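A.B. asks:
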Amino acid sequence: MNSGNRNQQSDYEHPLQAVAGILASDVAGQLAQPLRELREKLAVMVETLDRYIGEADGPKPYPWKPLQVLRQEIGDTYLIARHTTRLASELFEAVNVGTGPVGGPGEELDINQRVEIALELVRHRIGRQTELFVDLGSIPPVRASAGEITLAVAKMLIGCADSARLREGSAISVKTRVERVDSVDQVVIYTADNGNGTPAAAESAQRAIAPLMGHLGGSFHAISEPGQGSVFECRIPVTARSVSGPAHDSSR
636 MNSGNRNQQS DYEHPLQAVA GILASDVAGQ LAQPLRELRE KLAVMVETLD
686 RYIGEADGPK PYPWKPLQVL RQEIGDTYLI ARHTTRLASE LFEAVNVGTG
736 PVGGPGEELD INQRVEIALE LVRHRIGRQT ELFVDLGSIP PVRASAGEIT
786 LAVAKMLIGC ADSARLREGS AISVKTRVER VDSVDQVVIY TADNGNGTPA
836 AAESAQRAIA PLMGHLGGSF HAISEPGQGS VFECRIPVTA RSVSGPAHDS
886 SR
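First residue of the sequence shown: 636, per this note's numbering; consecutive thereafter.
#1: Could you tell me the distance, in whole angstroms, from the CA atom of S839 to the CA atom of I858?
#2: Which same chain residues end up closer than 6 Å to R870 when comparing Cβ atoms and leaving out the 5 residues on each side of it in sequence?
#3: Please check the pair P861 and N831, which I expect to be a contact at CB under 8 Å, by giving their CB distance rounded to whole angstroms.
#4: Considering K700, what are the terminal residues of the alpha helix (DSSP H) in which it resides?
#5: Pull up the distance between the alpha-carbon of T785 and that of P701, whole angstroms please.
#6: Could you give the distance in angstroms between the alpha-carbon of E766 and the alpha-carbon of E725?
#7: Start and end of the alpha helix (DSSP H) containing S859?
#8: Give the straight-line distance between the Cα atoms of I709 and E751, rounded to the nearest whole angstrom.
#9: Assuming R812 contacts G772 under a Cβ cut-off of 8 Å, what Cβ separation, rounded to an integer in Å, is found between them?
#10: Just list the residues that DSSP pairs G664 with in beta bridges.
#11: In chain order, which alpha helix (DSSP H) runs of at least 4 residues are fully inside the segment 775 to 833?
#12: Measuring CB to CB, does A796 end up less than 9 Å from A753?
#13: Just to confirm, is the Cβ distance from P650 to A843 under 9 Å?
#14: Check whether the Cβ of N731 lies closer than 9 Å to any Cβ atom in chain B.
#15: Look at the alpha carbon of A779 and the alpha carbon of E672, and state the distance between them as a whole number of angstroms.
#16: Relative to the C-alpha of I761, which candidate in A799, D745, V777, I774 has its C-alpha closest?
#17: Look at the Cβ atom of S805, then the Cβ atom of Y825, and state whether they are nearer than 9 Å.
#18: Going by C-alpha to C-alpha distance, which of P834, V704, T719 sits closest to G664?
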């Protein structure tokens with residue numbers, strides 16, 4: 636009985652797992668170059684220090700000017716390491732949606748932070764000639780899975796990026812806001828582009844994201860028409876804090 640349940644669970648595919656695979660493949664390429672740069676910088680620093688120790692005839696201070704250069708190299712290396720570590724951590728959190736049902740155990744989320752992380756993971760897909768406008772409003776937290784929300788926003792952004800890339804001079808707009816509908820506050824995540832449109836991407840996003848938004852008591856709409864660009868919109872009721880489980884106890 637238990638074995639059968641395990642088999643059934645292993646066969647389950649989360650609607651957003653395909654997005655996780657795309658991000659994992661794309662970001663792996665982004666991580667390769669900074670990791671090589673880290674290796675090369677560290678090798679040069681180790682070689683420099685080894686040479687100094689080998690040539691020194693006793694304990695003495697490291698020369699001031701070379702020390703300044705070495706300090707700058709260490710600082711640059713640290714910044715590369717910090718960015719690479721953050722990107723890898725954000726990728727791991729996003730793709731770790733698991734194999735359980737949509738809308739697994741959630742947490743109090745800063746939606747704007749999820750949007751920023753999704754932008755970081757998808758930024759390489761946005762063409763250099765594409766303008767990006769980001770307007771993140773003041774919004775309350777909602778309770779949801781961090782990985783699922785990041786993947787949902789990433790899916791929306793990928794659709795816009797692909798559409799915008801098909802038309803020179805296109806732009807992508809990303810907005811968050813709160814709207815009150817029927818006495819319920821809704822957190823809105825909106826992305827749009829004025830590119831050439833990718834109807835297949837909109838249909839795929841609708842299939843992948845609508846189940847999650849439905850679980851949270853919200854909605855998702857995607858439209859993309861040839862020559863007309865794309866619009867993607869998530870709506871999550873603020874009352875969704877209580878849908879996925881008990882509120883987070885910050886006193887713990």
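The beta-carbon is built from N, C-alpha and C at its ideal position, and this holds for glycine as well. All values reported here derive from a predicted model rather than from experimental measurement.
C.D. replies: Answer, in terms of the structure:
#1: Roughly 11 Å between the two C-alpha positions.
#2: Result list for R870: Q821, V823, G853, S854, in chain order.
#3: Contact between P861 and N831 holds: their C-beta atoms lie close to 7 Å from each other, under 8 Å.
#4: 699 to 730 is the span of the alpha helix (DSSP H), which, as asked, contains K700.
#5: Approximately 44 Å between the Cα atoms of the pair.
#6: Spanning the two alpha carbons is a distance of roughly 24 Å.
#7: Looking at the DSSP string, S859 is not in any alpha helix (DSSP H); the run it does join, the beta strand (DSSP E), is 854 to 860.
#8: Going by C-alpha positions, I709 is about 28 Å away from E751.
#9: Right, their Cβ atoms sit about 4 Å apart.
#10: Note: G664 sits in no beta bridge, so no partner.
#11: Here the runs fully enclosed are 781 to 800.
#12: Taking 9 Å as the Cβ cut-off, A796 and A753 do not qualify as a contacting pair.
#13: In this structure, the beta-carbon distance from P650 to A843 falls below 9 Å.
#14: Looking for chain B here will not work: only one protein chain is present.
#15: Roughly 37 Å between the two C-alpha positions.
#16: Selected option, being the one with the closest Cα: A799.
#17: No, they are not a contact pair.
#18: Taking the Cα of G664 as reference, the smallest distance to any Cα among P834, V704, T719 is reached at T719.
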